[in-house]
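Enquirer:
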C-alpha cells in the first residue's frame, strides 16, 4: 500500500512540475505597483479648491454651533445669578429653555457634522469627481502596463515597506496633466 502511495506522490509531483513548466510566464509573474494618493491629490487644483470650500463650510457651521452654545451658556449664567429669586415654576421654565438651547446646538452639530451630515454630503459632491478621475486614469495605467493590483500607500496601516521603484504616483500625476513636485497649497483655516 505504501508503494502505491509513494508512486502516486511521485506522479503527482511530476505532473505539478510539468504543469508549472508549461504555464505562461504572465500567470506566474504578476505586476504590482502603488501610489500615494495624498501626494497625488496635492497636485490637483480641483481637490485644493474642494478642500477650501469644505473648510469654509465647516468653519461657518462650527461658528453657528458655537453661537448657539454661547447663548445657552449666557442663559445658564443669568439663571444661576437669579435662581434664588425665582419661583419653582420659573426655575423649571428657565432650565428647560437652557436644555432646549443646548439640544438645538447638538442637533445642528449632528446635522452638519454627523455621519450622514451636510459636510459628508458636500465631501461626496466635491471630492468624488476628483477621486473618480484618479480611478479612471489608474485603470488606464493598469491596463496599459499590465498591473494586476495598484495599492495606495497613503493608508500605511497595511503597507509596511514600499520600494520606490514601484511607486507610480508621478506617472499618474503626469497622466492627469500636472507636473510632479508642483503641489497646490490648501489653506487650512482654524476655527
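In the numbering used here, the protein residues as written are 9 to 199.
Virtual Cβ for every residue (Gly too), placed ideally from N, Cα, C.
Here the structure is a predicted model, which is why all the values come from computation and not from measurement.
1) Entirely within the region 136 to 197 and at least 3 residues each: give me those beta strand (DSSP E) ranges in chain order.
2) How do the region 37 to 53 and the region 157 to 175 stand: do at least 3 beta-carbon pairs fall below 8 angstroms, yes or no?
3) From residue 51 to residue 116, what does the alpha carbon distance come to, in whole angstroms?
4) Is the beta carbon of residue 61 sitting closer than 8 angstroms to the one on residue 146?
5) Output yes or no for whether 8 angstroms exceeds the beta carbon distance between residue 161 and residue 43.
6) Using the Cα positions of residue 166 and residue 128, report the straight-line distance between them to the nearest angstrom.
7) Quick check on the DSSP output: the alpha helix (DSSP H) that includes residue 102 runs from which residue to which?
8) Quick check on the burial criterion: 16 or more other C-beta atoms within 10 angstroms. Buried or exposed for residue 73?
9) Would you kindly work out how many angstroms separate the C-alpha atoms of residue 189 and residue 158, rounded to a whole number?
10) What residue range does the alpha helix (DSSP H) around residue 92 cover?
11) Which value, in whole angstroms, describes the spacing of the CA atoms of residue 110 and residue 80?
12) Could you tell me which of 59, 66, 191 sits nearest to residue 126, measuring between CA atoms?
13) Mind checking whether residue 141 and residue 184 have CB atoms under 8 angstroms apart?
14) How many Å lie between residue 240 and residue 93 at the Cα?
Expert: Let me spell this out:
1) 155 to 160
2) yes
3) 34 angstroms
4) no
5) yes
6) 25 angstroms
7) 96 to 121
8) buried
9) 21 angstroms
10) Looking at the DSSP string, residue 92 is not in any alpha helix (DSSP H), and its letter there is neither H nor E.
11) 6 angstroms
12) 66
13) yes
14) No answer is possible for residue 240: the residues shown for the chain start at 9 and end at 199.
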